[in-house]
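Quick note: to get my numbering, add 2 to the position in the sequence shown (first position is 1). No residue lacks a Cβ here, since even glycine has one placed at the ideal position from N, Cα and C.
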Amino acid sequence: MGCLFAIVALITPRFILIFLWLFTNYLNTAFSSGWWGLLGFLFLPTTTIAYAVAKQELSTDAGAITAAGAVVIAVGVVIDLGLLGNGARSRRRS
3 MGCLFAIVAL ITPRFILIFL WLFTNYLNTA FSSGWWGLLG FLFLPTTTIA YAVAKQELST
63 DAGAITAAGA VVIAVGVVID LGLLGNGARS RRRS
């Protein structure tokens, strides 16, 4: 059961990124190059989603990210590191 939860936790942000790419312009607005989105998809998907939302919804007219946007990005980083760190901790335990 724990492995199923881990698989779902690691795959869900990537499905959300695919959905954002296909049906919205969030990723096109956030990243000028597709390489950053691809790297985010592979390594830090929740942070990539948080950055895209912060850039689209929580930015000024000049394109600068507000304090609320920075908090959203920080939460995305913590979630990504928690997902990665939890796997390392479970490997050490066994």
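Spatial neighbours of I67 in its chain, beta-carbon cut-off 6 Å, leaving aside the 5 residues before and after: A56, S61
State yes or no: is the C-beta of L11 within less than 8 Å of the C-beta of L85? A small fix is needed here, since residue 11 is Ala in this sequence, not Leu. In this structure, L85 lies closer than 8 Å to A11 by Cβ.
Rounded to a whole number of angstroms, what is the C-alpha to C-alpha distance between F25 and A8? 27 Å
Count the other CB atoms, across all protein chains shown, that sit within 10 Å of the CB of L22; report buried if there are 16 or more and exposed otherwise. buried
Mark A32 as exposed unless 16 or more other C-beta atoms lie within 10 angstroms of its C-beta, in which case mark it buried. Using a 10 angstroms sphere on the CB of A32, the tally of other CB atoms reaches 16 or more, which defines it as buried.
For A52, count neighbouring C-beta atoms within 10 Å of its own C-beta (all shown protein chains included) and say buried if the count is 16 or more, exposed if not. buried
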